[in-house]
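**Student:** Supplied in structure tokens, the structure appears directly below.
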Amino acid sequence: MEKLIKPKPFEELTCSDNFMFAKVMEDPDLCKSVLEILLGIKIGKLSYPEPEKTIQTAPDAKGIRLDVHTADGKHEFDIEMQTTLYKDLRKRSRYYQSLMDVDYLLKGNTYSKLKENIVIFICLGDLFKKGLPVYTFENTCRENNSVKLEDRTLKVFYNCSKWMDIGSKEQAELLKFLLTDNAESDLCQKLKEREKRIKMTARAYKEYMDYCEITQGYYNTGKEDGFKQGEEHGITIGEERAKLEAARNMLLQGVDTDKIVQWLSLSLESVQQLAESLKKQG
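The following block contains the structure:
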């Protein structure tokens, strides 16, 4: 008998959950406001924010799925909601930016037309363990850090657990909301209201069920493959092996490791080891 994995109930989702965050950010005005507060810049009219945007530059290349992808006339943005901290987030930010650029160039654009590429990771905890509420990275010269490469790339990691230490009141209120779901500012109340409206729509519920069904499909495929391998080797494959096989399928499809841990209830270490093993296999 197939075992069903148990996703978080739809009515309990908040903006710190990938699915709900992406749905809330589908509103261009709200997405624009969030970006302007996080980055402290003025942003032009946004293209329609794309939740779970898939970028795969070649049939045999490792693809990526971006939580929220959008752009204005000068910038291209990826916003990732990160509930679990992984060591590979640093390298993932590098890969995301590179594929976003390749995807843009493959559409016929030239290097000179590359937009400022900004990847944002909103983390509930402190990835770098230095106690800062935000870590912003740009390429600088080692010999003289006043010399900037000016390649128009930026990587920003927010630490919601330190919301009280960030300089801007608006930023603090936003990070606190994402951490606690407690809406105090006007913007956060609008985000909360949209969150409530989403939960009232049959369409969003169906999309979430489809989202969960895809996860179940990965799990079932992994379970079936796991038992096939067990029969071939004359051994019994248990539930943990089945989950690992499902995780393997998901990694090969470019599914975020954060989602794999959440959906399959695997340990962070086991998924990281599996990802490292696949990387060595090429």
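If you're matching positions, the sequence shown starts at 97 in this note's numbering and goes up one per residue. Idealized CB from N, CA, C, for every residue including glycine. Being a predicted model, the structure only gives us computed values, none of them experimental.
(1) I need the straight-line Cα distance from Pro103 to Arg344, nearest angstrom please.
(2) In the structure shown, what three-state DSSP assignment does Pro147 receive?
(3) Pro105: buried (16+ other C-beta within 10 angstroms of its C-beta) or exposed?
(4) Taking Cβ to Cβ, would you say Ile175 is nearer than 8 Å to Pro229?
(5) Is the separation between the beta-carbon of Thr179 and that of Phe173 shorter than 8 Å?
(6) In terms of DSSP beta bridges, what is Val215 paired with?
(7) Once you ignore the five residues that flank Gln368 on each side, which residues in its own chain have a CB closer than 6 Å to its CB?
(8) Assuming contact is defined by CB atoms lying nearer than 8 Å, are Glu291 and Met121 in contact in what I supplied?
(9) Do the stretch 190-203 and the stretch 125-135 make contact, defined as three or more Cβ pairs closer than 8 Å?
(10) When the distance is taken between beta carbons, is Leu362 closer than 8 Å to Ile356?
(11) In this structure, how does DSSP classify Lys138 when only helix, strand and coil are distinguished?
**Tutor:** Based on what the coordinates show:
(1) Against the sequence shown, residue 103 aligns to sequence position 7. Against the sequence shown, residue 344 aligns to sequence position 248. Roughly 19 Å separates the two Cα atoms.
(2) Counting from one through the sequence shown, the residue named residue 147 turns up at place 51. It is a strand residue.
(3) By 1-based counting over the sequence shown, the position of residue 105 is 9. Taking all protein chains in view, the Cβ of Pro105 is surrounded by fewer than 16 other Cβ atoms within 10 Å, so the residue is classified as exposed.
(4) Locating residue 175 in the sequence shown gives position 79, counting from the first residue. Locating residue 229 in the sequence shown gives position 133, counting from the first residue. No.
(5) Against the sequence shown, residue 179 aligns to sequence position 83. Against the sequence shown, residue 173 aligns to sequence position 77. No; because the gap between Cβ atoms is not below 8 Å, this pair is not in contact.
(6) The residue you call residue 215 lines up with position 119 of the sequence shown. The partner list for Val215 (beta bridge, DSSP) reads Asp174, Lys251.
(7) The residue given as residue 368 occupies position 272 in the sequence shown. Nothing listed; no residue qualifies.
(8) Stepping through the sequence shown from its first residue, residue 291 is reached at position 195. Stepping through the sequence shown from its first residue, residue 121 is reached at position 25. No, the Cβ-Cβ distance between Glu291 and Met121 is not below 8 Å.
(9) Between the stretch 190-203 and the stretch 125-135, the count of C-beta pairs closer than 8 Å stays below three; the two stretches do not touch.
(10) Counting from one through the sequence shown, the residue named residue 356 turns up at place 260. Counting from one through the sequence shown, the residue named residue 362 turns up at place 266. Yes, the Cβ-Cβ distance between Ile356 and Leu362 is below 8 Å.
(11) Mapped onto the sequence shown, residue 138 falls at position 42. Note: Lys138 maps to coil in three-state DSSP.
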